């Protein structure tokens, strides 16, 4: 290796080395803040999906019950006739749906979630 | 060559269990090297965003780190994929090709940025990792997802190009 090659190697190593400095606390804080927000969003998404699924099940139960009642010869048959279980399912579905709606509004109010912005350096 | 990182594996396992302090320790320890690499790669304006994205992936998928490679190797590989994804999009901050000013010496920065700017993306990355950051060829190959032989020839080619350009300017 010539002296010039050696000089080049030394230059390259020096110039490409990572900068010598203390750790960047602001960057660490920024990454941590974003990670916290990601966790919150993930929890919020998960809760929203759960609410949606339960809501759909409740609505489906309600709709099926309603369809069966509509198919009955008369409303009196549905109430007093040979379909007491359908009526029970209908009432239960409706109750679950109302309960879910109530829980949704309560959790949305208490969580007060919104996408906070992370300050950038 | 960077020091061994058994401690990193422990921190990563703790981060996988949701330990934010362990995650912060990993970020604090590795941000300088990773951001230095990304800045030199020409992502001066996007380097912090890419590094942040890489660290977030570490936070999300810390449980997938199996400890076979160094933590820094795994992290750099994640960041490299983020960089490549970004480079595929038409983003002006990555289109210039030249490196960013990563070091402390403005004169050396100007020269090395000029040299790096004339290299291809993979050549630049391989040269920075092996010649500047002190990674072995094997580790750099793993980081960049290249076969070892390809990595070695890429580094040799990049270095030869830089040496030729450097010699021209110093004659």
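Chains as they are written, first to last, in our numbering: chain R, 20 to 140; chain H, 656 to 826.
Where is the CB? At the ideal position from N, CA and C, for every residue including glycine.
Computed from a predicted structure; not experimentally measured.
Element boundaries [alpha helix (DSSP H), containing residue 824/H]: 803-825
Say whether the segment 771-786 of chain H touches the segment 24-37 of chain R, bearing in mind that this needs 3 or more beta-carbon pairs closer than 8 Å, one atom from each stretch. yes
Below 8 Å on the Cβ atoms is my guess for residue 871/H versus residue 688/H; work out the distance and round it to an integer in Å. Residue 871/H is absent from the model: chain H starts at 656 and stops at 826.
Taking 7 Å as the CB-CB limit, is residue 73/R close to chain H? no
Taking C-beta pairs closer than 7 Å, name the residues in chain R that residue 640/H reaches, listed in chain order. Outside the shown range of chain H, which is 656 to 826, sits residue 640/H, and nothing can be said about it.
CA-to-CA distance, residue 676/H to residue 127/R, given in whole angstroms: Here residue 127/R scores only 49 on pLDDT, less than 50, and its place in the model should not be relied on; the value that follows carries that caveat. If I take the Cα positions, the gap works out to 30 Å.
As assigned by DSSP and simplified to three states, the class of residue 33/R: helix
Does the segment 697-714 of chain H come close enough to the segment 48-59 of chain R that 3 or more CB-CB pairs lie under 8 Å? yes
Cβ closer than 8 Å: which chain R residues qualify as neighbours of residue 682/H? 46, 47, 50 and 51
How would you call residue 661/H, buried or exposed, if buried means at least 16 neighbouring beta carbons within 10 angstroms? exposed
So, residue 715/H versus residue 702/H, is the Cβ gap smaller than 7 Å? no
With burial defined as no fewer than 16 other Cβ atoms inside 10 Å of the residue's Cβ, what is the status of residue 765/H: buried or exposed? exposed
By the 10 Å Cβ neighbour count, where 16 or more other Cβ atoms means buried, how is residue 790/H classified, buried or exposed? buried
Proximal residues, the segment 670-696 of chain H versus chain R, C-beta separation under 8 Å: 675, 678, 679, 682, 683, 684, 686, 687, 688, 690, 691, 692 and 695
Contacts of residue 42/R in chain H (Cβ-Cβ under 8 Å): 683, 684, 686 and 687
Closest residue to residue 779/H among 812/H, 762/H and 804/H (Cα-Cα distance): 812/H
May I ask you to report which of helix, strand or coil DSSP gives residue 740/H? helix
Can you tell me where the alpha helix (DSSP H) holding residue 707/H begins and where it ends? 702-716
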